[in-house]
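Protein chains in written order, with the working numbering: chain G, 16 to 301; chain C, 16 to 301. No residue lacks a Cβ here, since even glycine has one placed at the ideal position from N, Cα and C. Written below as structure tokens is the structure these notes are about.
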């Protein structure tokens, strides 16, 4: 598997290394890029746990790599960061006919599509849950301990993936997540295309629905949501998460942050606290 | 002057505000953008000193705003950040005939051009030294205390501007600065176009030459330079700065950082130390 891994760039960062790779993905059936930050703790032959980061609509692995400032805290805490892309890529991969930003390329929604033409490449769930960690753990000096976080569509991905894989992730967190996509315009549009008209199938990829089905009883969750986020009322529906967690006894701390919006300025302002939250669980359960 | 100032965006960041503005520049004779970070210390009616940031070739005010992570330290230390653009902009502004990245748009070199066609807009020296601080100090809750820093071409700008304006800046710092442009390919190309063939005129915009002329005796300077910077040997010529500072009794601390390159990963890794350096002088001389 590692034989197809090609390094695109390597930058020294906070005493560690930020590296970007290209590889052939078997689950997505295309070439993919991802980035990894390896903290200085690996220099003496040590292994570190991993925080996976899932980005939002239109993003690649670069947005978080460039804008979040997370490397500083990963270096201090001894945690590796893995930044994934947001959809399959390449000439043969289907895209929205109108080039919409919220469907197709850059908008994989971290699910396994069942409908044509999407089902030949759009298997981001399998990629994030199985293929990418297997690759990372086979090549880099990391342990199998992992946590997951993300932003917006990637916050949806992080929460649903952690909820659906009990015991695999020590903790999950999100910034501005789409917590109830079956009731949001972004989610309805994407799920109808990727998963078809059977709405019952959608709930397998919905944070609120999964909690109502009993998932997440042993999963520590941290969510930050800006109160000046223009997507809050229509697309993100954060109050539905607060209610579902409370009704089902899920340990989810949801913090509304006055004045903050949907941007990476918001993520950068609070990513330190997310890294500390995950490090506590990653190390505590090591 | 403030009547022409138009806010393009405002993002909450580390308890303060990161704002981007457009305004008509009289010195550059075109519309310009800049960004300012106001830390939370201004919320109670207080005023804070300012660190001006000058970016490198091809950049705008956005690169540092998005990638350096400096807002965290500015918020902690109570310092405003002002990020400038790197050249005049707009349809009427001359650009390199071949669209080269190191001449014309995005490559103003923080000087006042004397040669046509550049001399009708390329007055970045006047803009950074006079017009922008006057505007900032008339509109925002800042004191007249200021320091200056920058990267690559912007490191050249920060050092030369501070050296040429004794007593105006409490301190100067730079990442990967072009310290001796009269002897570097980038500098020779730009200075010949902007300033003409009289090489004697070039030394007014050269850090090493200015130090050899006696400037900087009372200016604290901090420089970080990555040893894996691909521009180091041919373009940056950092050793010439070390020698000039030593020969002329200038208080310049030049640190070579093993493994680091020319990127914003390098800047992000050390910007905290630059902010602390400037805050010490900005506050100590208040």
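For this session: Determine, using beta-carbon pairs with one atom in the segment 225 to 235 of chain C and one in the segment 127 to 147 of chain C, whether at least three such pairs fall under 8 Å.
Result: no
For this session: Report the partner residues of residue 240/C according to the DSSP bridge assignment.
Result: Reading the second chain from its first residue, position 225 is the one you call residue 240/C. Its beta-bridge partners are 271/C.
Problem set entry | Assumed close pair residue 289/C, residue 199/C - CB separation to whole angstroms, cut-off 8 Å | Numbered from 1 along the second chain, position 274 holds the residue referred to as residue 289/C. Numbered from 1 along the second chain, position 184 holds the residue referred to as residue 199/C. Incorrect: roughly 23 Å between the Cβ atoms, too far for contact.
Problem set entry | CB contact below 8 Å: residue 206/G versus chain C | As a first step, residue 206/G is located in the first chain; it is residue number 191 there, counting from the start. No, no contact with chain C.
Exercise. Does DSSP put residue 228/G in a helix, in a strand, or in coil?
Worked result: Numbered from 1 along the first chain, position 213 holds the residue referred to as residue 228/G. Here residue 228/G sits in coil by DSSP.
Problem set entry | Whole-number beta carbon distance between residue 94/G and residue 297/G, since they are thought to touch under 8 Å | Counting from 1 along the first chain, the entry for residue 297/G is found at position 282. Counting from 1 along the first chain, the entry for residue 94/G is found at position 79. With a Cβ gap of about 6 Å, residue 297/G and residue 94/G count as contacting.
For this session: Can you pull the chain G residues whose beta carbon is under 9 Å from the beta carbon of residue 275/C, in chain order?
Result: Residue numbering aside, residue 275/C sits at position 260 when the second chain is read from its first letter. Near residue 275/C (Cβ distances below 9 Å), the residues of chain G are 26, 27 and 28.
For this session: Work out the CA separation of residue 130/G and residue 230/G for me, nearest whole Å.
Result: For this step, residue 230/G is matched to residue 215 along the first chain. For this step, residue 130/G is matched to residue 115 along the first chain. One C-alpha to the other measures close to 26 Å.
For this session: Within 10 angstroms of the Cβ of residue 100/G, are there 16 or more other Cβ atoms? Answer buried if so, exposed if not.
Result: Here residue 100/G refers to the residue found at position 85 when the first chain is read from its first residue. So residue 100/G counts as buried.
Exercise. Leaving out the 5 sequence neighbours to the left and right, which residues in its chain are closer than 7 Å to residue 141/G when beta-carbon positions are compared?
Worked result: Residue 141/G sits at position 126 when you count from the first residue of the first chain. 42 and 127, listed in sequence order.
Exercise. Between residue 30/G and the rest of its own chain, which residues show a CB-CB distance below 6 Å, the 5 nearest in sequence each way excluded?
Worked result: Position 15 of the first chain, counted from the start, is the residue given in the question as residue 30/G. Contacts found: 55 and 90.
Problem set entry | Outcome for residue 270/G when other beta-carbon atoms lying within 10 angstroms are tallied against a minimum of 16 | Locating residue 270/G in the first chain gives position 255, counting from the first residue. With fewer than 16 Cβ atoms within 10 Å of its Cβ, residue 270/G is classed as exposed.
Problem set entry | Cα-Cα separation between residue 221/C and residue 184/G, rounded to whole angstroms | Residue 221/C sits at position 206 when you count from the first residue of the second chain. Residue 184/G sits at position 169 when you count from the first residue of the first chain. Near 55 Å, if we compare the C-alpha coordinates of residue 184/G and residue 221/C.
Exercise. Distance, Cα to Cα, residue 103/G vs residue 125/C?
Worked result: As a working note, residue 103/G is residue 88 in the first chain. As a working note, residue 125/C is residue 110 in the second chain. The straight-line gap from Cα to Cα measures roughly 43 Å.
Problem set entry | Contact set for residue 282/C: own chain, Cβ-Cβ below 7 Å, skip 5 residues either direction | On the second chain, position 267 is the one that residue 282/C refers to. Excluding positions up to five away in sequence, the list reads 83, 166 and 190.
Exercise. When the distance is taken between beta carbons, is residue 286/G closer than 8 Å to residue 137/G?
Worked result: Position 122 of the first chain, counted from the first residue, corresponds to residue 137/G. Position 271 of the first chain, counted from the first residue, corresponds to residue 286/G. For residue 137/G and residue 286/G, no; Cβs fall outside 8 Å.
Exercise. Using CA coordinates, which residue listed in 52/G, 256/G and 73/G is at the minimum distance from residue 64/G?
Worked result: To locate residue 64/G, count along the first chain from 1; it is residue 49. Among 52/G, 256/G and 73/G, the Cα nearest to that of residue 64/G is on 52/G.
Problem set entry | residue 61/G, buried or exposed, once every other Cβ within 10 Å from all chains shown has been counted against 16 | For this step, residue 61/G is matched to residue 46 along the first chain. By the neighbour-count rule (16 or more Cβ atoms within 10 Å), residue 61/G is not buried but exposed.
Exercise. Nearest chain G C-beta to residue 79/C closer than 8 Å, yes or no?
Worked result: Residue numbering aside, residue 79/C sits at position 64 when the second chain is read from its first letter. For residue 79/C, the answer is no, since every Cβ of chain G falls outside 8 Å of its Cβ.
Exercise. Going by alpha carbons, who is nearest to residue 81/C out of 292/G, 75/G, 243/G and 278/G?
Worked result: Taking the first residue of the second chain as 1, we reach residue 81/C at position 66. That would be 278/G, whose Cα lies nearest to the Cα of residue 81/C.
Exercise. So which residues of chain C does residue 93/G contact, with C-beta pairs closer than 8 Å?
Worked result: As a working mapping, residue 93/G is identified with position 78 in the first chain. Those within 8 Å of residue 93/G in chain C number zero; the least Cβ separation is about 17 Å.
Exercise. Quick one: Cα of residue 133/G to Cα of residue 218/G, how far?
Worked result: The sequence position of residue 133/G within the first chain is 118, counting from 1. The sequence position of residue 218/G within the first chain is 203, counting from 1. Each residue's alpha carbon lies about 19 Å from the other.
Problem set entry | The beta strand (DSSP E) enclosing residue 235/C, as first and last residue numbers | If you number the second chain from 1, residue 235/C lands on position 220. Looking at the DSSP string, residue 235/C is not in any beta strand (DSSP E), and its letter there is neither H nor E.
Problem set entry | Close Cβ partners of residue 123/G (< 6 Å) along its chain, the five nearest in sequence each way excluded | Taking the first residue of the first chain as 1, we reach residue 123/G at position 108. The answer, listed in chain order, is 101, 102, 137 and 139.
Exercise. So, does the CB of residue 82/C fall closer than 8 Å to a CB anywhere in chain G?
Worked result: The residue you call residue 82/C lines up with position 67 of the second chain. Cβ-Cβ to chain G under 8 Å: yes for residue 82/C.
For this session: Give a yes or no on whether the minimum CB-CB distance between residue 49/G and chain C is below 8 Å.
Result: On the first chain, position 34 is the one that residue 49/G refers to. No, because no Cβ of chain C sits closer than 8 Å to the Cβ of residue 49/G.
Exercise. With burial defined as no fewer than 16 other Cβ atoms inside 10 Å of the residue's Cβ, what is the status of residue 242/G: buried or exposed?
Worked result: Against the first chain, residue 242/G aligns to sequence position 227. Per the 10 Å Cβ criterion, exposed.
Exercise. Taking the runs of the beta strand (DSSP E) that are 3 residues or longer, which of them lie wholly in the segment 125 to 197 of chain C?
Worked result: 157 to 166 and 187 to 190
Problem set entry | Short CB-CB distance (under 8 Å) between residue 12/C and chain G | The structure shown does not extend to residue 12/C, since chain C spans only 16 to 301, so no value can be given for it.
Problem set entry | Completely contained beta strand (DSSP E) runs for the segment 49 to 82 of chain G, where each covers 3 or more residues | 63 to 69
Exercise. Cα separation between residue 235/G and residue 92/G?
Worked result: Against the first chain, residue 235/G aligns to sequence position 220. Against the first chain, residue 92/G aligns to sequence position 77. In a straight line, the C-alpha of residue 235/G is about 19 Å away from that of residue 92/G.
Exercise. For residue 119/C, which beta-bridge partners are listed by DSSP?
Worked result: In the second chain, the residue the question calls residue 119/C occupies position 104. Bridge partners of residue 119/C: 122/C.
Exercise. Listing by chain order, which chain C residues have their CB less than 9 Å from the CB of residue 245/G?
Worked result: Counting from one through the first chain, the residue named residue 245/G turns up at place 230. Near residue 245/G there are no residues of chain C at all, since even the closest Cβ is about 12 Å away, more than 9 Å.
Problem set entry | Classification of residue 264/G by the beta-carbon crowding that lies within 10 angstroms, buried from 16 upward | One-based indexing of the first chain puts residue 264/G at position 249. With fewer than 16 Cβ atoms within 10 Å of its Cβ, residue 264/G is classed as exposed.
Exercise. So what does DSSP say about residue 38/C, is it helix, strand or coil?
Worked result: Within the second chain, residue 38/C is the residue found at index 23, counting from 1. Residue 38/C: strand per DSSP, three-state reduction.
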